[in-house]
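S.K.:
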Amino acid sequence: MFFMLGFLMLVSCKERNAAPSREAIDSIHLIRGKVISCGLPGKQFGSVEFDNSCGKKVQAQFNLAIEMLHSFEYEEAEKVFSKIIDENPTCAMAYWGVAMCNYHPLWTAPSEAEYKKGAKALEIAQALPQKSKREAEYIDAMALLYKGWDKVDLHTRSIDHEKAMEKLYSAYPEDKEAAVFFALALDAAADPADKSFVNQRKAGALLNTLYPNEPDHPGIAHYIIHTYDYPELAALALPAARKYAAIAPSSAHATHMPSHIFTRLGLWDECIASNRASVAAAQCYAETAGFKGHWDEELHGLDYLVYALLQKGENRLAREQCEYLTTIHDVYPANFKVAYAFAAIPARYALENKLWKEAATLSLQPVGFRWEKFPWQKAIHHFARLMGAANSGDTGAARGEYRELQQLHEQLINEKDVYKANQVLIQLKTGEAWIAYREGRHVEAYDNMKMAAELEDATEKHPVTPGEVLPARELLGDLLLQMNRPGEALEAYELDLGRHPKRFNGLCGAGLAAKRAGNPEKACRYYGQLLGMVDPGRAERPELAAIRRDYKNGCR
Numbered sequence: 002m003f004f005m006l007g008f009l010m011l012v013s014c015k016e017r018n019a020a021p022s023r024e025a026i027d028s029i030h031l032i033r034g035k036v037i038s039c040g041l042p043g044k045q046f047g048s049v050e051f052d053n054s055c056g057k058k059v060q061a062q063f064n065l066a067i068e069m070l071h072s073f074e075y076e077e078a079e080k081v082f083s084k085i086i087d088e089n090p091t092c093a094m095a096y097w098g099v100a101m102c103n104y105h106p107l108w109t110a111p112s113e114a115e116y117k118k119g120a121k122a123l124e125i126a127q128a129l130p131q132k133s134k135r136e137a138e139y140i141d142a143m144a145l146l147y148k149g150w151d152k153v154d155l156h157t158r159s160i161d162h163e164k165a166m167e168k169l170y171s172a173y174p175e176d177k178e179a180a181v182f183f184a185l186a187l188d189a190a191a192d193p194a195d196k197s198f199v200n201q202r203k204a205g206a207l208l209n210t211l212y213p214n215e216p217d218h219p220g221i222a223h224y225i226i227h228t229y230d231y232p233e234l235a236a237l238a239l240p241a242a243r244k245y246a247a248i249a250p251s252s253a254h255a256t257h258m259p260s261h262i263f264t265r266l267g268l269w270d271e272c273i274a275s276n277r278a279s280v281a282a283a284q285c286y287a288e289t290a291g292f293k294g295h296w297d298e299e300l301h302g303l304d305y306l307v308y309a310l311l312q313k314g315e316n317r318l319a320r321e322q323c324e325y326l327t328t329i330h331d332v333y334p335a336n337f338k339v340a341y342a343f344a345a346i347p348a349r350y351a352l353e354n355k356l357w358k359e360a361a362t363l364s365l366q367p368v369g370f371r372w373e374k375f376p377w378q379k380a381i382h383h384f385a386r387l388m389g390a391a392n393s394g395d396t397g398a399a400r401g402e403y404r405e406l407q408q409l410h411e412q413l414i415n416e417k418d419v420y421k422a423n424q425v426l427i428q429l430k431t432g433e434a435w436i437a438y439r440e441g442r443h444v445e446a447y448d449n450m451k452m453a454a455e456l457e458d459a460t461e462k463h464p465v466t467p468g469e470v471l472p473a474r475e476l477l478g479d480l481l482l483q484m485n486r487p488g489e490a491l492e493a494y495e496l497d498l499g500r501h502p503k504r505f506n507g508l509c510g511a512g513l514a515a516k517r518a519g520n521p522e523k524a525c526r527y528y529g530q531l532l533g534m535v536d537p538g539r540a541e542r543p544e545l546a547a548i549r550r551d552y553k554n555g556c557r
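Per the working numbering, residue 2 is the first one in the sequence shown, and the count goes up by one each step.
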């Protein structure tokens, strides 16, 4: 009896101290290396305290990893979690952290390799006995995002994760990180078609309760921005947007992220400053990491930067960025953000400036990029060429681009990517409208453009983009103006400016429509907004000369 009791105690002790084998850890293929930080010295990523049972020796490292994770510095955060695993392979929450680094909510689904990595890490975490009940619940909740990843759609798994995080948050009300990660889960599981923003409002209430007592927490400020990144809610995030970059100045994403709100509110100068800082930080990161080319965050910032410069009418500076883009060929990782920037930046420049012939002859760059993997982004290029051809009078070429869009739409339907398929459908309806208009079928043109505007109104933009390449309702205003229906055009422009405030073309179109509709007061109001927004020494849009003349003669 004594021998059996001693044996059981020995087995129990071994179980408590059991560590995964080196082979099991190596099979995860962890990212290791020196942590890279670009920005102010000292790895400033905010301040987080995440209690765990891995020991005081790794607590500071664990907090740093969580701080970086909250700013979507996924690779750098994984390096820190990997170091913890190397020092303490029984730290279950470090494996949970690795899984979190490979999930990246609010952006795009993990790749097959990322799913496999996260699943292996969680398998080890669940098997380790050295964890608290609370930590086991964190791990089990995370496992729901990976469970059946090759069979169950991501939205369904995100909802399962959200429900599990709600239970965890309710069970541990003193755990601030549970509240923060629950808010993130709410945003990740939100229905893009829900215009009442149920999940977002719930997440916002949680985060705003925490924010006054945690002013330097990177996740709270960051997720407030994501939570309210909608036209109807954006103003609620402005205080956090103006603080976040200062909370985590060593993160390129943190210096960029406030521009989401600045863009929503038409705060172009702040948007430009935010993205110049982000691009510089991303360039520093690529150089420090020894990349062959550029980092994806740089191109993401460039897209927002060009968009803001175009709204200020600063064509020379925008053109400089477009020309710089043509020098970029190698980007790491070559993902959806990179594809979007490569397609959208040149399309924006040509379409915003109504350079129709230039738009019609755009080439898809870089040539060696795997465009077949990114049908939505590729569609932007063909949409720009379609609009360029139609507005240049070449409806034959426009129809050719329309057929390309149809094929890409079918590909997205076959891939069951409903959101992106719908975005291309909006482009198809817009293309039909402008081809019909150029061919004299005005009723059909109006009906299709109105349908495109209504489809776009019913959906939200993806976080990867500062805005639609050309808003559909603004294009409806353009079409109505060309049809000599200025009163209806004004209504379309005003509705669009409610969603896209201080857009150059929206203000310009609204002023012109009001003038032609016999409403000089509104014309003066919109022209005044536009002139007050641009810098006379840098704005180069040719429309401005006539607007200044009209404003001087009729508005003072």
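Here a beta-carbon is modelled for each residue, glycine too, at the ideal position from N, C-alpha and C.
Using three-state DSSP, classify Trp296 as helix, strand or coil.
M.R.: Counted from its first residue, the sequence shown places residue 296 at position 295. DSSP places Trp296 in strand when its eight states are reduced to three.
S.K.: Have a look at Gly432 and Leu268 and give me their C-alpha separation to the nearest angstrom.
M.R.: Counted from its first residue, the sequence shown places residue 432 at position 431. Counted from its first residue, the sequence shown places residue 268 at position 267. Their Cα atoms are separated by approximately 31 Å.
S.K.: For Val181, list the residues DSSP reports as bridge partners.
M.R.: What you label residue 181 is simply residue 180 of the sequence shown in a count that begins at 1. Paired residue(s): none; Val181 is not in a bridge.
S.K.: Can you tell me whether DSSP reads Tyr116 as helix, strand or coil?
M.R.: Numbered from its first residue, the sequence shown carries residue 116 at position 115. Helix, per DSSP.
S.K.: Would you list the one or two residues that DSSP bridges to Val332?
M.R.: Counting from 1 along the sequence shown, the entry for residue 332 is found at position 331. In the DSSP output, where bridge partners are listed per residue, Val332 has His295.
S.K.: Would you report the Cα separation of Phe370 and Lys355, rounded to the nearest angstrom?
M.R.: As a first step, residue 370 must be located in the sequence shown, where it is residue number 369. As a first step, residue 355 must be located in the sequence shown, where it is residue number 354. Going by the C-alpha atoms only, they are around 27 Å apart.
S.K.: Taking the C-alpha atoms as reference points, what is the distance between Leu456 and Asp479?
M.R.: For the purposes of this step, residue 456 is identified with residue 455 of the sequence shown, where counting begins at 1. For the purposes of this step, residue 479 is identified with residue 478 of the sequence shown, where counting begins at 1. Going from the Cα of Leu456 to the Cα of Asp479 covers about 17 Å.
S.K.: Could you check which residue in Arg439, Thr466, Ala493 has the C-alpha nearest to that of Lys451?
M.R.: For the purposes of this step, residue 451 is taken as the residue at position 450 of the sequence shown. Among Arg439, Thr466, Ala493, the Cα nearest to that of Lys451 belongs to Ala493.
S.K.: When you compare each of Leu532, Lys379, Tyr173, Val99 to Arg550 by their alpha carbons, which one comes out closest?
M.R.: Residue numbering aside, residue 550 sits at position 549 when the sequence shown is read from its first letter. With distances taken between Cα atoms, Arg550 lies closest to Leu532.
S.K.: For Val465, tell me which candidate among Thr91, Glu321, His257, Leu318 has the shortest Cα-Cα distance.
M.R.: Looking up residue 465 in the sequence shown gives position 464. Ranking the options by Cα distance to Val465, first place goes to His257.
S.K.: From Thr264 to Pro90, what distance separates their C-alpha atoms?
M.R.: The count along the sequence shown starts at 1 and reaches residue 264 at position 263. The count along the sequence shown starts at 1 and reaches residue 90 at position 89. Approximately 44 Å between the Cα atoms of the pair.
S.K.: So what does DSSP say about His71, is it helix, strand or coil?
M.R.: Counted from its first residue, the sequence shown places residue 71 at position 70. Three-state result, His71: helix.
S.K.: Between the C-alpha atoms of Ile140 and Leu429, what's the straight-line distance to the nearest angstrom?
M.R.: Taking the sequence shown and counting its residues from 1, one reaches residue 140 at position 139. Taking the sequence shown and counting its residues from 1, one reaches residue 429 at position 428. If I take the Cα positions, the gap works out to 44 Å.
S.K.: If you count every other CB in all the chains shown that lies within 10 Å of the CB of Asp192, and 16 or more means buried, which is it?
M.R.: Within the sequence shown, numbered from 1, the residue matching residue 192 stands at position 191. Exposed.
S.K.: Give me, in chain order, the residues of the same chain whose beta-carbon lies closer than 6 Å to that of Leu326; leave out the 5 immediate sequence neighbours on both sides.
M.R.: Looking up residue 326 in the sequence shown gives position 325. These residues qualify, in order along the chain: Ile346.
S.K.: Between the Cα of Asp52 and the Cα atoms of Tyr104, Asp297, Glu178, which residue gives the shortest distance?
M.R.: As a working mapping, residue 52 is identified with position 51 in the sequence shown. When each option's Cα is compared against that of Asp52, the closest is Glu178.
S.K.: Under 8 Å, with one C-beta from each stretch per pair, do the stretch 53-72 and the stretch 162-169 reach the 3-pair mark?
M.R.: Result no; under three Cβ-Cβ pairs closer than 8 Å.
S.K.: For Cys323, which of Pro367, Phe505, Arg526 has the nearest alpha-carbon?
M.R.: Position 322 of the sequence shown, counted from the start, is the residue given in the question as residue 323. Selected option, being the one with the closest Cα: Pro367.
S.K.: By how many angstroms is the C-alpha of Ala66 removed from the C-alpha of Leu508?
M.R.: Taking the first residue of the sequence shown as position 1, residue 508 is located at position 507. Taking the first residue of the sequence shown as position 1, residue 66 is located at position 65. Taking the straight line joining both Cα atoms gives about 45 Å.
S.K.: By Cβ distance below 6 Å, which residues in the same chain neighbour Leu496 in space, the five residues on each side in sequence not counted?
M.R.: For the purposes of this step, residue 496 is taken as residue 495 along the sequence shown, with counting starting at 1. Result list for Leu496: Arg474, in chain order.
S.K.: Are the stretch 294-303 and the stretch 522-530 in contact at 8 Å, needing three or more beta carbon pairs?
M.R.: Cβ pair count under 8 Å is below three, so no.
S.K.: Give a yes or no on whether the C-beta atoms belonging to Ile221 and Leu211 are separated by under 9 Å.
M.R.: Against the sequence shown, residue 221 aligns to sequence position 220. Against the sequence shown, residue 211 aligns to sequence position 210. Against a cut-off of 9 Å, the Cβ pair of Leu211 and Ile221 comes out as a contact.
S.K.: Going by the CB atoms, is the gap between Ala490 and Ala454 shorter than 9 Å?
M.R.: Position 453 of the sequence shown, counting from 1, holds the residue named residue 454. Position 489 of the sequence shown, counting from 1, holds the residue named residue 490. The answer is no: Cβ separation not under 9 Å.
S.K.: Using the rule of at least 16 other Cβ atoms within 10 Å of the residue's Cβ for burial, across every protein chain shown, is Thr157 buried or exposed?
M.R.: In the sequence shown, the residue the question calls residue 157 occupies position 156. So Thr157 ends up on the exposed side.
S.K.: Can you give me the Cβ contacts of Asn554 inside the same chain, cut-off strictly under 6 Å, excluding the 5 residues immediately before and after it?
M.R.: Reading the sequence shown from its first residue, position 553 is the one you call residue 554. Closer than 6 Å at Cβ, skipping near neighbours: no residue.
S.K.: For Glu373, which three-state DSSP category applies?
M.R.: If you number the sequence shown from 1, residue 373 lands on position 372. Three-state result, Glu373: helix.
S.K.: Using a Cβ-Cβ cut-off of 6 Å (strictly less than) and excluding sequence neighbours within five positions of Glu138, which residues of its own chain qualify?
M.R.: For the purposes of this step, residue 138 is taken as the residue at position 137 of the sequence shown. Once the five neighbours on either side are set aside, the close Cβ partners of Glu138 are Leu169.
S.K.: For Ile125, which residues in the same chain have their Cβ closer than 7 Å to its Cβ, ignoring the five residues on either side in sequence?
M.R.: Taking the first residue of the sequence shown as 1, we reach residue 125 at position 124. Cβ neighbours of Ile125 beyond the five flanking positions: Pro21, Ala25, Tyr96.
S.K.: In angstroms, rounded to a whole number, what distance separates the CA positions of Leu413 and Trp377?
M.R.: Here residue 413 refers to the residue found at position 412 when the sequence shown is read from its first residue. Here residue 377 refers to the residue found at position 376 when the sequence shown is read from its first residue. Spanning the two alpha carbons is a distance of roughly 8 Å.
S.K.: For Val81, which of helix, strand or coil comes out of DSSP?
M.R.: Counting from one through the sequence shown, the residue named residue 81 turns up at place 80. DSSP places Val81 in helix when its eight states are reduced to three.
S.K.: So Leu107 and Asp188 are supposed to be a Cβ contact under 8 Å. How far apart are they, rounded?
M.R.: Position 106 of the sequence shown holds residue 107. Position 187 of the sequence shown holds residue 188. That belief holds up - the Cβ atoms of Leu107 and Asp188 are roughly 6 Å apart, short of 8 Å.
S.K.: Closest to Glu68 by CA distance: which of Gln45, Val339, Asn506, His382 is it?
M.R.: Stepping through the sequence shown from its first residue, residue 68 is reached at position 67. Closest by alpha carbon: Gln45.
S.K.: Am I right that Ala360 and Gly314 are in contact with their C-beta atoms under 8 Å? What's the rounded C-beta distance?
M.R.: For the purposes of this step, residue 360 is taken as the residue at position 359 of the sequence shown. For the purposes of this step, residue 314 is taken as the residue at position 313 of the sequence shown. Actually they do not touch by this definition, with Cβ atoms about 18 Å apart.
S.K.: If we define contact as Cβ-Cβ less than 9 Å, is Thr328 a contact residue for chain B?
M.R.: Structure shown: chain B not included; a single protein chain is present.
S.K.: Measuring CA to CA, which of Lys84, Ala144, Asp87 is closest to Asn103?
M.R.: The residue given as residue 103 occupies position 102 in the sequence shown. Checked all of Lys84, Ala144, Asp87; the closest Cα to Asn103 is Ala144.
S.K.: As an exercise, report each continuous alpha helix (DSSP H) stretch of at least 4 residues that is fully enclosed by the stretch 232-287, in chain order.
M.R.: Fully enclosed alpha helix (DSSP H) runs of 4 or longer: 239-248, 253-257, 259-265.
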